Every structure is written in structure tokens, then in C-alpha cells.
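Have a look at the structure below before the remarks.
There are 2 protein chains.
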Amino acid sequence: MAFDAIETPFGKSDKIVGGAATYIAWSASNFTRPIHQISVVGYDFPETELNALRARGVDMDGVQIKQDQKSFFWSGKYHLDMNSRDTLDTQLNVLADFDPVVPPSYQDCEFLMLGNLMPKLQLKVLDQLQNRPKLVVMDTMNFWMDTAMEDLQKVIAKVDVLMVNDSEARQLSAEYSLVKAAKSIMAMGPKYLIIKKGEHGALLFHGDRVFFAPALPLEEVFDPTGAGDTFAGGFIGHIARSKDISFESMKRAIIVGSAMASFCVEKLGTARLREIDHAAIEARIQEFVQLVNFDITFN
Amino acid sequence: MAFDAIETPFGKSDKIVGGAATYIAWSASNFTRPIHQISVVGYDFPETELNALRARGVDMDGVQIKQDQKSFFWSGKYHLDMNSRDTLDTQLNVLADFDPVVPPSYQDCEFLMLGNLMPKLQLKVLDQLQNRPKLVVMDTMNFWMDTAMEDLQKVIAKVDVLMVNDSEARQLSAEYSLVKAAKSIMAMGPKYLIIKKGEHGALLFHGDRVFFAPALPLEEVFDPTGAGDTFAGGFIGHIARSKDISFESMKRAIIVGSAMASFCVEKLGTARLREIDHAAIEARIQEFVQLVNFDITFN
């Protein structure tokens, strides 16, 4: 849970609320409650933001508020393609010495989403759970492959589902073909691998099985920040609601995640996620059904 | 119908048989016969190649054989991503003064596929048909946008379905968003637009409707040459077989085209297209069904 300042070809934002855990919670709380949040913020993080999430069933017992430090801050600028971006500024602040503590009331956790963060911290959370969750899903990024590969490998070995984007899958596996990359990464531990391809959709691999979910072709992408986290929130939210961790359920969860991500990019930051209701989500999921639905009976 | 010499990260080929019309004919002849071919070759083009296609129901009356000229020759080198390539050599030869003539026996043509070639020549063929075909499909490329935009616009205005890749759609429309690009291009004439995204699949636009067909994730892409032409051949082949030009039929045709293209890239040149039979094609189409099939009923 953090602050972002975002520059896109459409304009420039002030410091706005962001962070992987923020997007995940906004997204997942459409499908499952309560959500047991673990994060850290500084004295500058607005209480109203925490309350807005509390009102959606997000339990803040695991969110540490550091009264003498500022929240994490990231600033970036997107290129015209809206897929690539440059980091302009990163201020770790509270993240520099974050030591996540899992409250006793979180010990019943059945479904764990490890949002993108230092692998060491992801592992600390997982290791504090006395009973292993039914499903552990992990998101990560190339930065940890560059700077903390050993730690990263340790977490990857312990999770059920790993989410990375296509270039990260290639980097992690040293394979160019995504099919080969998937085999190599699943041999590192995760039984399921989700490769996110942004505007080109997402792939789910499991053993020899593969499922492809498209991204919705959008007239305008206003701000891609948090789209991957929002996808993760929709995915784990659907799994937690259905309590079904089969491959078929994960396929549905990816469609739900993709639908949520398609909302996220329509407005700046979390703005669009704060507006949508169940009817909007249902309608958007139907658009995905229409997008890929075909009857191959030949006539 | 031409010669190619291809260099990929996997190796280098000698001069092999290629050309848009060659790939289209190999692909389409799995679905519909006869095919009325229009093209030009030189004295160096092997008679065995023409006979191999004749044996598949490809009528060669419209293929001119120039005894004093060489066939068109292209040589290119693919980058590691297998999506981008550099042209190493282009020898127009017979194409320099090609004047396509539609034989009288071709006048009953119901479905016309204008393969990628100088727009002027595509127009010449279309204009020679006394009755407009039920469906005219056109493929083209960025080279004609750079060098013959005025001619290109004239053909585009007369066709029903245009096929381009994503960067060409952006160039043609001066819109970055593919949804906006599609609207802009359909306003130029075609009622249907297919945007090919290579390994990222293909989009079909028609009015406000959109359909997405994935590409099959492949362990290895050996040679992408001709994949777009093979896609076009599968598309028009399916349409000609079904004689159904509805949006639903075009969705199926795009899946068929994508399945054919997925074969094409597995071996060098037309090699894989010469091996496959109906059973292999049916099995591959089922892989596409499995790839995108999901049941969104929530439980």
C-alpha cells in the first residue's frame, strides 16, 4: 500500500494511492470477504483510504502504520505503447525495514495471494502460517530476478501458482518459447503458471494443459498502473469465492481477473475500481465470453 | 509464386519455393477445390511445383510462365523473436512488368482472395471480373503503405475484408488503439477488418462487434515465412467451403486460418503444409477449442 505519481501520454497525476496490495484488495473484495490484508504504510497514508477498504470487508489488523516514516513512493512514466514504462523515482521509506507479522486472527487463511514485493518478505508471511493454505498464489517482477534471485527461487519453490509477464517468464527460464519457459518454471515448484501478456491476454499452464484468456480490446487505455495486481485480485477473489482450485476453476478465475484488469486501466489509479458494481462486472465478463466464443461445427 | 531464401536463428535455407499465392493455394486446397490461381513465374520455377498444386485442384490457367525471365526472389533474416525480420535481397524479375489476365474460365469466381502484391495488380484482377464475387478478401503490407498509398486506398475501398497486421493497422489509420484503428479503416470501405498479431493471435472487427482468435502457443517456431498467407488461405478456404459469409462463419474461418498458420511455422517454407491431412487439421482445430474454452457459470 503506497503512493504513486504517474505520467502517461494523456497527462500527469499528483501523488495518488496505489501499491500492489491496494489494487488486489479493491479487486478481490468484489468476490470474497473478509480479506486479511498484510502491508505497511507511513504516517502520511490517509486514514480515509484504510476506512474505504475496511468498508469493503478488508481487515487491517495486519497493516502496520509507522508513525515516524513515510509510505513507499513510486513514480513512473509510460511510453506511447502503454506497455513499457520508465521508473522516475523510487522511495522505499517504510519498506526499507518492513517486517510483516501475521496476526493470530489470520491463521485460518485458506487462500493466500503474495503480491509483488521483496521475495524475502513474501516468504516470511508464508512461513508464519501454521497451516499451509489450500492455494498459494505469487506475483513477482523482473526487479527481483535482477537483485534477489536466490530468495526468489526459494519462494517460487513453495507456491502453487506463479504469475509473471512474458519477458519475466523468459528471463526466469532462459527460454524464448513461452511453452518451454512454462515447463522450465513449473519444474522450479509451481504446479500452475500464469503468463500475463498485457494487451495480448494471459496464458495458464498446468502440466501439459494450456488455457488462453484474451485481453479486451479497449478504445483507450488511460493508466495501466495496477492492472497486474487487479488481475491477481480478481483471480484469487474468484478462487476464494468458489473454493474450487481445479484447472477449470482457474480458467474462470483468469477471465474474472482479466475483466477486473480491463476496468482498472480505464481511469487513473484505483478510480475505476471504486465505481464498478456487480452488474458492471457481470456485463464485462459477458463481453469476454462473446469475444472468444465460436461454434466450430462446420456446415 | 516465387523463391525465398530464409535465415532464422535455427539455420539458413537454400532458395526454396514460396510466395503468397503458393502458401494460399496449399492452405486453401484443404477446404475447397478447384482453386483458380492467378500469378506469374519465370523459366526457373519447377514444373513439379506447379504439378503438385494441380494435383490438389489448383487450376493454373491464370499463372503466366515467362520463359525469358526469372521468378521473383526474396531473401530475409528473422530476429530471435521470430516476429521481426530484415529483408536482405529483393529481385522483382517477372513481377517488374506483371500484367495479370483473368481467364474466361475464372469468371464464375464466388470468393476472391487478393494475396499481398502491388495494389495496382490486385485492382486489375478485381476489375476484370464481370460479376463481383460474393466476398472479396484482401491482404496487404506496410511496404505498399509507404510506396503506393493512393493505389492501396483504391483497392481497400472495393473489398469486403481487409487483413493487415497490428503495426500496419496503426500505420494505415494513424491511430494507436486497435479499436480506433479498426473503426477508421472500416470507414475506408471494408465491412470487415482482420488484424493479425502473429504469436498474439488475430482480431476480427465488424461494425461494433469484435472476435478474438488466439495463436496456439508453440514449443518452437521454425520459420514464420508464409504464416500470414497460410492464414489467408485457410480463411478463404473455409468461407468457400461453407459458402457462408456471416460474422459467425468468419469467426470459424479465422480459427481455421489460425490452425493452418500454426502448421506453417513448424517447418521450413511450405514443407509442413505438404504433409498434413484432414485428421491433423481437425485435431489442431480442437486444440484451439480447448485453448479458449471455458464455462463461466459461477459456483
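Order-wise, the sequence lines are chains A and B.
The first sequence maps to residues 408 to 706 in our numbering.
The second sequence maps to residues 408 to 706 in our numbering.
Just so you know, even glycine gets a beta-carbon here, dropped at the ideal spot from N, CA and C.
Since we're looking at a predicted model, the values are computed, not measured.
Residue environment, A/Asn706, which counts as buried when at least 16 other CB atoms sit within 10 Å: For the purposes of this step, residue 706 of chain A is taken as residue 299 along the first sequence, with counting starting at 1. Residue placement at A/Asn706 cannot be trusted, given a pLDDT of 43 that sits under 50; the coordinates are not used to answer.
Look at the alpha carbon of B/Ser669 and the alpha carbon of B/Ala634, and state the distance between them as a whole number of angstroms. By one-based count along the second sequence, residue 669 of chain B stands at place 262. By one-based count along the second sequence, residue 634 of chain B stands at place 227. In a straight line, the C-alpha of B/Ser669 is about 8 Å away from that of B/Ala634.
Spell out whether any CB of chain B is found under 7 Å from the CB atom of A/Ile703. Working through the first sequence from its first residue, we reach residue 703 of chain A at position 296. Yes, contact with chain B.
Let's test the definition: count the other Cβ atoms within 10 Å of the Cβ of A/Ala462 and tell me whether it reaches 16, buried, or not, exposed. Counting from one through the first sequence, the residue named residue 462 of chain A turns up at place 55. Flag for A/Ala462 reads exposed.
Residues in the stretch 560 to 591 of chain B with C-beta within 9 Å of chain A's C-beta atoms, listed in sequence order? Tyr583, Ser584, Leu585, Val586, Lys587, Ala589, Lys590
Cutting at 7 Å between CB atoms, please list the residues of its own chain near A/Thr429, excluding the five before and the five after it. Mapped onto the first sequence, residue 429 of chain A falls at position 22. Cβ neighbours of A/Thr429 beyond the five flanking positions: Met408, Thr677.
Would you mind giving the Cβ-Cβ distance between A/Val509 and A/Val447, rounded to the nearest angstrom? I have them listed as a contact below 8 Å. Here the question's residue 509 of chain A lines up with position 102 in the first sequence. Here the question's residue 447 of chain A lines up with position 40 in the first sequence. Not confirmed; about 13 Å, so no contact.
Go through its chain and collect everything with a Cβ distance to A/Leu460's Cβ below 6 Å, but skip five positions before and after it. Start at 1 with the first residue of the first sequence, and residue 460 of chain A comes out as number 53. Closer than 6 Å at Cβ, skipping near neighbours: Ala432.
Can you tell me whether DSSP reads B/Met593 as helix, strand or coil? Residue numbering aside, residue 593 of chain B sits at position 186 when the second sequence is read from its first letter. Looking at B/Met593 - three-state DSSP - the assignment turns out to be helix.
To the nearest whole angstrom, what separates the beta carbons of B/Ser436 and B/Gly418, a pair I think is in contact under 8 Å? Position 29 of the second sequence, counting from 1, holds the residue named residue 436 of chain B. Position 11 of the second sequence, counting from 1, holds the residue named residue 418 of chain B. No, B/Ser436 and B/Gly418 are not in contact; Cβ-Cβ is about 28 Å, not under 8 Å.
According to DSSP, is A/Glu582 helix, strand or coil? As a position in the first sequence, residue 582 of chain A is number 175, starting the count at 1. If DSSP states are grouped into helix, strand and coil, A/Glu582 belongs with coil.
Determine, using beta carbons only, whether B/Val617 comes closer than 7 Å to chain A. As a working note, residue 617 of chain B is residue 210 in the second sequence. So yes, B/Val617 belongs to the interface.
To the nearest angstrom, report how far apart B/Ser584 and B/Ile472 are at their CA atoms. Here residue 584 of chain B is taken as the residue at index 177 of the second sequence, counted from 1. Here residue 472 of chain B is taken as the residue at index 65 of the second sequence, counted from 1. When rounded, the distance between both Cα atoms is 44 Å.
What is the DSSP secondary structure of A/Gly635, reduced to helix, strand or coil? Stepping through the first sequence from its first residue, residue 635 of chain A is reached at position 228. Looking at A/Gly635 - three-state DSSP - the assignment turns out to be helix.
Residues in the stretch 627 to 643 of chain A having any Cβ partner in chain B nearer than 8 Å: Glu627, Val628
Quick one, which of A/Lys561, A/Arg616, A/Lys658, A/Gly596 has its alpha-carbon nearest A/Gly608's? Position 201 of the first sequence, counted from the first residue, corresponds to residue 608 of chain A. Nearest of A/Lys561, A/Arg616, A/Lys658, A/Gly596 to A/Gly608, Cα basis: A/Lys658.
Simplified DSSP state of A/Asn706, which is helix, strand or coil: Translated into positions along the first sequence, residue 706 of chain A becomes position 299. Note that A/Asn706 has pLDDT 43, beneath the 50 cutoff, so the model's placement of it is unreliable and no number is given.
Using the Cα positions of A/Thr494 and A/Leu559, report the straight-line distance between them to the nearest angstrom. Numbered from 1 along the first sequence, position 87 holds the residue referred to as residue 494 of chain A. Numbered from 1 along the first sequence, position 152 holds the residue referred to as residue 559 of chain A. Straight-line Cα distance between these residues: approximately 22 Å.
The stretch 535 to 545 of chain A touching the stretch 558 to 573 of chain A, judged by at least three CB pairs closer than 8 Å: yes
Quick one, which of A/Glu627, A/Glu689, A/Lys604, A/Gly644 has its alpha-carbon nearest A/Leu675's? Reading the first sequence from its first residue, position 268 is the one you call residue 675 of chain A. For A/Leu675, the nearest C-alpha among the options comes from A/Glu627.
Runs of 4 residues minimum, wholly inside the stretch 597 to 665 of chain B: which ones carry the alpha helix (DSSP H) assignment? 634 to 649
Any chain B beta carbon closer than 7 Å to A/Leu698: Within the first sequence, the letter at position 291 stands for residue 698 of chain A. Interface residue, yes.
Expressed to the nearest angstrom, what Euclidean distance is found between the alpha-carbon atoms of A/Pro511 and A/Pro526? Here the question's residue 511 of chain A lines up with position 104 in the first sequence. Here the question's residue 526 of chain A lines up with position 119 in the first sequence. Cα-Cα distance, rounded: 22 Å.
Using DSSP with H/G/I as helix, E/B as strand and the rest coil, what is A/Ile431? Position 24 of the first sequence, counted from the first residue, corresponds to residue 431 of chain A. Helix at A/Ile431.
Thinking just about the alpha-carbon of each residue, which of A/Thr547, A/Met667, A/Phe701 is nearest to the one in A/His685? The residue given as residue 685 of chain A occupies position 278 in the first sequence. The residue with the shortest Cα to Cα distance from A/His685 is A/Met667.
Going by DSSP, what residues sit across from B/Gly425 in a beta bridge? To locate residue 425 of chain B, count along the second sequence from 1; it is residue 18. The partner list for B/Gly425 (beta bridge, DSSP) reads B/Ala409.
Cβ of B/Val699 within 7 Å of Cβ of A/Phe619? On the second sequence, position 292 is the one that residue 699 of chain B refers to. On the first sequence, position 212 is the one that residue 619 of chain A refers to. Contact flag set, yes.
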